[in-house]
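Reviewing the structure listed below.
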Amino acid sequence: MDPRKRLGGRSEKLAASFLRRKGYRLVAHNYVCPAGEADLIVVDGDTIVFVEVRTRQEGEVAPEATIVQ
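If you're matching positions, the sequence shown starts at 95 in the working numbering and goes up one per residue.
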């Protein structure tokens, strides 16, 4: 498997675990539809949250605008 995909998969699992500990309920992982895809879909009360997980490796620098959208 491509190391980047493996890292991305681990990052998504960590993000899902973090959100579960914060009380979110995981509804879908790697959801794909004609409009696009979402890494995670979680629910908090009556709010649906679509999550895009971005992973950077040590030493990588990216503009803040590309990290939080």
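Heads up, the beta-carbon is just placed ideally off N, CA and C, and yes, glycines get one too.
One Cα belongs to Asp-138, the other to Arg-119, and the distance between them is close to 7 Å.
DSSP, reduced to helix, strand and coil, places Glu-131 within a strand of the structure shown.
Take the alpha-carbon of Glu-146 and the one of Val-126: they are about 12 Å apart. Where Lys-107 is concerned, the enclosing alpha helix (DSSP H) starts and stops at 97-115.
Annotated three-state conformation of Val-147 is coil, per DSSP.
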